[in-house]
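A.B. asks:
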Amino acid sequence: MVISPLNALMASQVKELAERGIPAVSLGDEGIDYKDLFQREGKKITGIKKIAEQGSSADSIGDHEVINAILLKLGLPLNTSQVAVSNTKLNVTLLVRIMQQPQNTYADLLSLFPPGDAQGPESFPQTLIYVNSRVEAEGIQDFLHSHCPEAIPTTAFEFYHRHIDDSRKQGIQESLRTGEHHGIPTTDALGMGMDFCNVKRVVLWHAPRSFLSLVQKVGRCVCNAAELGKAILFVTKNAYAHHLAELDTDEVILEPSDQANEEDGIPEEQDIATDAAPTQPDCIAAIDAVDPELMTTGNEFVTTVSLPFPRPLGGLCCDNCTPENFPVETIVPKYPYPTRACQAPKSSKELCTAVKAALYSWREVLIETEYSRQFTVVPEYVLNDDVINEISARPHAVAKMGTNVFKAIIPWGFSIQYGSEVANLVADQITLHPDPAEITREHALRERKLQEFLALATKERQAKLLPVFEECYNAVYRVKINNMIKVTRGGTTIWEREQMCRPFISLPH
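Next comes the structure, spelled out in structure tokens:
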């Protein structure tokens with residue numbers, strides 16, 4: 001009898017046991033009525049809510065107190081045989097990649113594709129790409145579809161999250177087992193309690209919320225201990241610096257995004273009761289803690305001698321230990337549109353407020369004129385508040401770049417229909433609300449340009465007058481009279497005609 005917190009895990013284990021010729025059933029929401037079965041055997045089950053408090057620690061499942069509590073509550077002897085499996089993955093190499101391109105472009109995922117020409121779908125090892133929201137899962141699927149080589153069909157990539165229907169979930173899970181799917185952008189909804197033997201890579205798009213989440217996701221890579229796999233973590237430059245600061249200060253620095261719950265953080269199969277949030281532990285002190293009981297259990301799990309599957313040949317720890325074996329690829333994508341905002345002057349608060357008000361008014365008028373007599377399409381659907389805030393924060397860039405700004409810098413789905421109209425609206429607001437500081441800067445710039453022009457004109461005038469002056473001077477200088485004078489040149493005295501302008505040349509300057 002298989003008992004587990006997750007229905008999917010129980011079903012997978014029962015199926016695997018049956019394939020090995022071992023009769024097994026699971027205690028879950030589906031199946032036979034176990035109460036009637038146990039009543040016939042002279043026993044009674046009134047219901048089990050929770051066998052033991054597991055806690056949130058990565059080591060809590062192996063804690064002796066938890067195990068003893070489970071044995072006692074199930075009425076099993078304390079010397080019951082136990083099979084404990086470590087989560088150590090010596091055959092998985094951990095790589096950390098700092099994003100080189102804006103994260104909303106997903107361009108750094110190009111490194112997942114094989115270099116050169118792909119020979120077929122098998123050129124892309126089966127990969128789970130974990131994200132923190134279903135929007136990212138769907139966006140990465142579109143990115144993989146549009147950038148995959150011709151030899152790899154787009155059907156090899158499919159997103160997965162808790163909001164898709166059950167039949168589609170089952171189809172994706174089965175395709176992962178058969179090897180039909182090779183890349184699955186997914187939330188936490190996929191993987192827990194599921195046995196996918198073909199997964200060779202696990203990609204984490206942004207750092208997980210906790211260390212336990214990291215261990216769980218990496219653990220879904222290469223179930224066969226004799227095979228090699230990779231776990232690749234993509235983080236932004238700011239997130240990388242943030243984690244370094246935590247290590248330096250030995251403090252957990254919470255960001256607003258970390259304090260919010262994940263949109264798809266809990267799989268469908270889980271029923272988790274939320275308790276009071278525990279205080280953040282001292283991360284360095286927890287690593288350095290010396291607990292005899294925990295250290296004994298840990299040594300049994302991590303020493304190479306006791307492990308049933310040592311590190312396979314060619315297996316490497318991480319790119320931090322041997323960086324020479326994992327050169328960082330340079331990602332230089334070419335887009336037909338800009339992915340970074342152009343340089344633009346800073347906008348005043350008055351202009352930002354005016355642009356925001358104009359956009360709110362514009363979307364209301366749009367619904368009244370083009371989507372009247374219906375209640376499905378609302379103003380926030382056409383132009384949501386996040387897009388309005390992005391536009392109002394950089395109106396000069398929007399006016400300067402036009403509709404191109406809505407391709408990657410400020411993604412907006414309705415930009416094809418209304419992008420030009422919104423860009424013109426922003427430009428009109430800039431004209432109506434000039435910035436006094438900008439006016440002063442423009443006046444100073446015009447004055448500087450005028451002075452440069454006048455200096456250039458004076459120089460050009462002098463350049464034109466100089467040949468005329470020299471011609472006139474030489475014409476007078478060369479005129480001579482009949483009066484002969486004695487002149488000494490180089491120690492030799494000669495007679496020559498006197499210059500008419502000689503009296504003037506001899507005058508003091």
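For the sequence shown, UniProt numbering gives the first residue as 1, with consecutive numbering after it.
Note that beta-carbon positions come from the ideal geometry of N, C-alpha and C, so glycine has one too.
Computed from a predicted model, the values in this text were never measured in an experiment.
On the three-state DSSP scale, how would you describe C223?
C.D. replies: The residue you call residue 223 lines up with position 223 of the sequence shown. Annotated three-state conformation of C223 is coil, per DSSP.
A.B. asks: Got a sec? Which residues, its chain only, sit under 6 Å from E498 by beta carbon, not counting five neighbours each side?
C.D. replies: Numbered from its first residue, the sequence shown carries residue 498 at position 498. The residues are I481, N483 and I485.
A.B. asks: Rounded to the nearest angstrom, what separates T127 and P323 at their Cα positions?
C.D. replies: The sequence position of residue 127 within the sequence shown is 127, counting from 1. The sequence position of residue 323 within the sequence shown is 323, counting from 1. In this model, T127 and P323 are separated by some 22 Å (Cα to Cα).
A.B. asks: Report yes if the CB atom of V355 is closer than 7 Å to the CB atom of Q429, and no otherwise.
C.D. replies: Locating residue 355 in the sequence shown gives position 355, where the first residue counts as 1. Locating residue 429 in the sequence shown gives position 429, where the first residue counts as 1. Cβ atoms of V355 and Q429: closer than 7 Å.
A.B. asks: Whose CA, out of V135, H147 and T154, lies closest to the CA of H163?
C.D. replies: Taking the first residue of the sequence shown as position 1, residue 163 is located at position 163. Closest by alpha carbon: V135.
A.B. asks: Should P121 be labelled buried (16 or more other beta-carbon atoms within 10 Å of its own) or exposed?
C.D. replies: As a working note, residue 121 is residue 121 in the sequence shown. Under this definition P121 is a buried residue.
A.B. asks: Report the option in L313, S86 and A393 whose CA atom is closest to the CA atom of P345.
C.D. replies: Walking along the sequence shown from the start, residue 345 turns up at place 345. Nearest option by C-alpha distance: A393.
A.B. asks: Three or more C-beta pairs closer than 8 Å, one from the region 71-89 and one from the region 202-214: is that the case here?
C.D. replies: no
A.B. asks: For the alpha helix (DSSP H) that contains P333, what are its first and last residues?
C.D. replies: The count along the sequence shown starts at 1 and reaches residue 333 at position 333. Run containing P333: none; DSSP gives neither H nor E here.
A.B. asks: Count the other CB atoms within 10 Å of the CB of D291; is the residue buried (16 or more) or exposed (fewer)?
C.D. replies: The count along the sequence shown starts at 1 and reaches residue 291 at position 291. With a pLDDT of 43 at D291, under the threshold of 50, the modelled position of this residue cannot be trusted; read the value that follows with caution. Under this definition D291 is an exposed residue.
A.B. asks: Whose CA, out of W205, V25, G183 and A427, lies closest to the CA of V102?
C.D. replies: Residue 102 sits at position 102 when you count from the first residue of the sequence shown. The sequence given here has Pro at residue 102, not Val. Among W205, V25, G183 and A427, the Cα nearest to that of P102 belongs to W205.
A.B. asks: Smallest Cα separation from C342: which of I439, E380, P379 and A399?
C.D. replies: Start at 1 with the first residue of the sequence shown, and residue 342 comes out as number 342. Looking at the Cα atoms, A399 is the closest of the given residues.
A.B. asks: Can you give me the Cβ contacts of I98 inside the same chain, cut-off strictly under 7 Å, excluding the 5 residues immediately before and after it?
C.D. replies: The count along the sequence shown starts at 1 and reaches residue 98 at position 98. Same-chain partners within the cutoff: V235, K237 and Y240.
A.B. asks: Would you check if the distance between the CB atom of C221 and the CB atom of V203 is smaller than 7 Å?
C.D. replies: Translated into the one-based positions of the sequence shown, residue 221 becomes position 221. Translated into the one-based positions of the sequence shown, residue 203 becomes position 203. Taking 7 Å as the Cβ cut-off, C221 and V203 do not qualify as a contacting pair.
A.B. asks: Please name the residue in S506, V487 and D165 whose C-alpha comes closest to that of W495.
C.D. replies: Here residue 495 corresponds to residue number 495 of the sequence shown, with the count starting at 1. Of the candidates S506, V487 and D165, the one whose C-alpha sits nearest the C-alpha of W495 is V487.
A.B. asks: Do three or more CB pairs link the region 328-342 to the region 397-412 at distances below 8 Å?
C.D. replies: Yes, the region 328-342 touches the region 397-412.
A.B. asks: Flag this pair as touching only if the region 372-391 and the region 439-459 have three or more C-beta atom pairs under 8 Å; answer yes or no.
C.D. replies: No: the two stretches stay apart, fewer than three of their Cβ pairs being nearer than 8 Å.
A.B. asks: The alpha helix (DSSP H) spanning W362 covers which residue range?
C.D. replies: Taking the first residue of the sequence shown as 1, we reach residue 362 at position 362. Its alpha helix (DSSP H) spans residues K349 to E370.
A.B. asks: Mapping DSSP to helix, strand and coil, what is G229?
C.D. replies: Your numbering for residue 229 matches position 229 in the sequence shown. G229: strand per DSSP, three-state reduction.
A.B. asks: Contact between the region 379-394 and the region 355-368 is defined here as three or more beta-carbon pairs at a separation below 8 Å; is this criterion met?
C.D. replies: Segments in contact, yes.
A.B. asks: Which complete alpha helix (DSSP H) runs does the region 381-444 hold, if anything under 4 residues is left out?
C.D. replies: 385-393, 395-401 and 415-432
A.B. asks: Per the contact definition of three or more C-beta pairs closer than 8 Å, is the region 87-97 in contact with the region 315-333?
C.D. replies: Output reads yes: the region 87-97 touches the region 315-333.
A.B. asks: Can you pull the DSSP bridge partners for R497?
C.D. replies: As a position in the sequence shown, residue 497 is number 497, starting the count at 1. In the DSSP assignment, R497 forms a beta bridge with M484.
A.B. asks: Quick check: what's the CA-CA separation for E150 versus F143?
C.D. replies: In the sequence shown, residue 150 corresponds to position 150, counting from 1. In the sequence shown, residue 143 corresponds to position 143, counting from 1. Cα-Cα distance, rounded: 14 Å.
A.B. asks: State the Cα-Cα distance for the pair K230 and P125, rounded to the nearest angstrom.
C.D. replies: Mapped onto the sequence shown, residue 230 falls at position 230. Mapped onto the sequence shown, residue 125 falls at position 125. When rounded, the distance between both Cα atoms is 10 Å.
A.B. asks: Using a Cβ-Cβ cutoff of less than 8 Å, which residues in the same chain neighbour A24 once the five nearest sequence positions on both sides are dropped?
C.D. replies: What you label residue 24 is simply residue 24 of the sequence shown in a count that begins at 1. Excluding sequence neighbours, A24 sits near M1, V2, Q13, V14, L17 and A18.
A.B. asks: From A225 to F414, what distance separates their C-alpha atoms?
C.D. replies: Here residue 225 corresponds to residue number 225 of the sequence shown, with the count starting at 1. Here residue 414 corresponds to residue number 414 of the sequence shown, with the count starting at 1. C-alpha separation (whole angstroms): 49 Å.
A.B. asks: In the DSSP assignment, what residue or residues form a beta bridge with Y160?
C.D. replies: By one-based count along the sequence shown, residue 160 stands at place 160. The partner list for Y160 (beta bridge, DSSP) reads T186.
A.B. asks: When we look at the beta-carbon of A276 and count the other beta-carbons within 10 Å, is it buried (16 or more) or exposed?
C.D. replies: Residue mapping note: residue 276 aligns to position 276 of the sequence shown, counting from 1. Confidence in A276 is poor, its pLDDT being 45 and thus under 50, which makes the residue's placement unreliable; the coordinate value appears in the next sentence. So A276 counts as exposed.
A.B. asks: Suppose you measure from the CA of N68 to the CA of L76; what does that come to, to the nearest Å?
C.D. replies: What you label residue 68 is simply residue 68 of the sequence shown in a count that begins at 1. What you label residue 76 is simply residue 76 of the sequence shown in a count that begins at 1. N68 and L76 have their alpha carbons spaced roughly 9 Å apart.
A.B. asks: In angstroms with no decimal places, state the Cα-to-Cα distance between F469 and C352.
C.D. replies: Looking up residue 469 in the sequence shown gives position 469. Looking up residue 352 in the sequence shown gives position 352. If I take the Cα positions, the gap works out to 60 Å.
A.B. asks: Classify F469 as helix, strand or coil using the three-state DSSP reduction.
C.D. replies: The count along the sequence shown starts at 1 and reaches residue 469 at position 469. If DSSP states are grouped into helix, strand and coil, F469 belongs with the helices.
A.B. asks: Mapping DSSP to helix, strand and coil, what is residue 529?
C.D. replies: Because the chain in this structure spans residues 1 to 509, residue 529 falls outside the shown range and cannot be described.
A.B. asks: How long is the line joining the alpha carbons of P503 and K459, rounded to whole angstroms?
C.D. replies: Reading the sequence shown from its first residue, position 503 is the one you call residue 503. Reading the sequence shown from its first residue, position 459 is the one you call residue 459. Rounded to the nearest angstrom, the two C-alpha atoms are 33 Å apart.
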